[in-house]
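As structure tokens, the structure follows; a few thoughts come after it.
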Amino acid sequence: MDAYKENIDITLKVNGIEYRENVPANMTLLHFLKERLMLAGTKEGCSIGECGACTIIMNGRTVTSCLVLAVEADGAEISTIEGEAKDGQLSALQKAFIEYGGIQCGFCTPGMIMSARELLDRNPNPSREEITEAIAGNLCRCTGYEPIIDAIEAVAGNKS
Amino acid sequence: MNDSKNKYNHIGKGYARKDGAEKVTGTAVYVHDLAIQGMLYAKTVISPHAYARIKGIDTGEALKIPGVRAVVTGKSLITRSVYMWWIRIYWPGIMCATRVSPWLLWPLIPS
Numbered sequence: 001m002d003a004y005k006e007n008i009d010i011t012l013k014v015n016g017i018e019y020r021e022n023v024p025a026n027m028t029l030l031h032f033l034k035e036r037l038m039l040a041g042t043k044e045g046c047s048i049g050e051c052g053a054c055t056i057i058m059n060g061r062t063v064t065s066c067l068v069l070a071v072e073a074d075g076a077e078i079s080t081i082e083g084e085a086k087d088g089q090l091s092a093l094q095k096a097f098i099e100y101g102g103i104q105c106g107f108c109t110p111g112m113i114m115s116a117r118e119l120l121d122r123n124p125n126p127s128r129e130e131i132t133e134a135i136a137g138n139l140c141r142c143t144g145y146e147p148i149i150d151a152i153e154a155v156a157g158n159k160s
Numbered sequence: 161m162n163d164s165k166n167k168y169n170h171i172g173k174g175y176a177r178k179d180g181a182e183k184v185t186g187t188a189v190y191v192h193d194l195a196i197q198g199m200l201y202a203k204t205v206i207s208p209h210a211y212a213r214i215k216g217i218d219t220g221e222a223l224k225i226p227g228v229r230a231v232v233t234g235k236s237l238i239t240r241s242v243y244m245w246w247i248r249i250y251w252p253g254i255m256c257a258t259r260v261s262p263w264l265l266w267p268l269i270p271s
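Protein sequences appear in the order of chains P and S.
Using this note's numbering, you'd call the opening residue of the first sequence number 1 and step up by one each time.
Using this note's numbering, you'd call the opening residue of the second sequence number 161 and step up by one each time.
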């Protein structure tokens, strides 16, 4: 029996909602979120952990969900971009991204915001260098990064 | 100059992106996330060599995989496409039925 073809039961919490699912052992967390939970906000760029478009927060730390298997997330608490706005209200971070022009094509944005969210949760007053380091794993081919760093800096110390 | 803000309706003023909210919430729809009824998935297989003669492409094994609907090679384009000449000139890569980079047209192709 090929182990990767087995289906395994997992229980995990995504954006505060608990899910019980039966998933193939070889399914990535990214595909689980996109295809099973229909949370299409998380993006698939390179599928090999280089671009950061699929960044999510798992148990308080950012991970590239393309490199995590859904079965590894059994019992985990996960936040995705869909959980960032609360009660239909954009978070301060999201508003700043719009205001400072930190979005162009928008493909890196969900991952960028998750990396920034994790940084701000861990360190509410990061320096510009710390912000740069926090988003080092997220590639953006449009903005040149400066407006993104500006947006995160604007929210730092002024948390929603 | 300093009264340009009053003089013009739009010039000198900043505007938020119309699609900003969609993009920061992850609700913006990208082609990647579209699901259309009856949609097929394709995978490209590219040449492992920069320049080579293609003696043959054996699609037999691929076609045997359950669920595979078609395997398209340069050969299928040559016989079927009415845009064959355009494809031949602008996208010679697609026309690789017999060799990678056919007919040495590449010096004439921009980029």
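Each residue gets a CB set at the ideal place from its N, CA and C atoms; glycine is no exception.
In this text, all values refer to a predicted model and were calculated from it rather than measured experimentally.
Asked                                                                                                                  : Found
Beta carbon proximity, S:D218 to chain P, threshold 9 Å                                                                : no
Any C-beta of chain P under 9 Å from that of S:K183                                                                    : yes
Chain S within 9 Å of P:E82, Cβ atoms only                                                                             : yes
Positions along the stretch 37-66 of chain P whose CB lies within less than 8 Å of some CB in chain S                  : L39, A40, G41, T42, K43 and E44
Which listed residue (P:M58, P:C142, P:E130 and P:K5) has its alpha carbon closest to that of P:G102                   : P:C142
Selection from P:P24, P:M114 and P:T28 that minimises the alpha carbon distance to P:A136                              : P:M114
Nearest residue (CA-CA) to P:T62, options P:E6, P:A116 and P:G157                                                      : P:A116
Classification of S:L264 by the beta-carbon crowding that lies within 10 angstroms, buried from 16 upward              : For S:L264, the predicted model reports a pLDDT of 44, less than 50, meaning its position is unreliable; a value from the coordinates is still stated below. Classification of S:L264: exposed, given that the 10 Å Cβ count is below 16.
Buried or exposed by the 16-neighbour rule on C-beta atoms within 10 Å, applied to P:C54                               : buried
Paired residues, beta bridge with P:V14 - DSSP                                                                         : P:I17 and P:I78
Residue(s) in a DSSP beta bridge with P:M58                                                                            : P:R61 and P:I78
Neighbour flag for S:W263 against chain P, beta carbons, 9 Å                                                           : Only weak support is given to the placement of S:W263: the predicted model assigns it a pLDDT of 46, under 50, and the question is left unresolved by the model.
Check whether P:E82 and P:Q94 have beta carbons under 9 Å apart                                                        : no
Best match in P:E6, P:E118, P:M112 and P:F97 for proximity to P:P147 [C-alpha to C-alpha]                              : P:F97
The stretch 211-225 of chain S in contact with the stretch 64-71 of chain P per 3-pair CB rule at 8 Å                  : no
Which of helix, strand or coil DSSP assigns to P:P124                                                                  : coil
Three-state class that DSSP yields for P:L29 in the structure shown                                                    : helix
Cβ-heavy atom distance, S:I217 to the ligand GTP, below 8 Å                                                            : Questions concerning the ligand GTP fall outside what the structure shown contains, since it holds no ligand whatsoever.
For P:D9, three-class secondary structure by DSSP                                                                      : strand
Chain P contact residues for S:Y175, given Cβ-Cβ distances below 9 Å                                                   : None at all; the shortest Cβ gap to chain P is about 10 Å.
Three-state secondary structure assigned by DSSP to S:N166                                                             : helix
Buried versus exposed call for P:S79 [16 or more other C-beta atoms within 10 Å across all chains shown]               : buried
Residues of its chain near P:C51, where Cβ-Cβ distance is below 7 Å and the 5 sequence neighbours each way are ignored : G45 and L139
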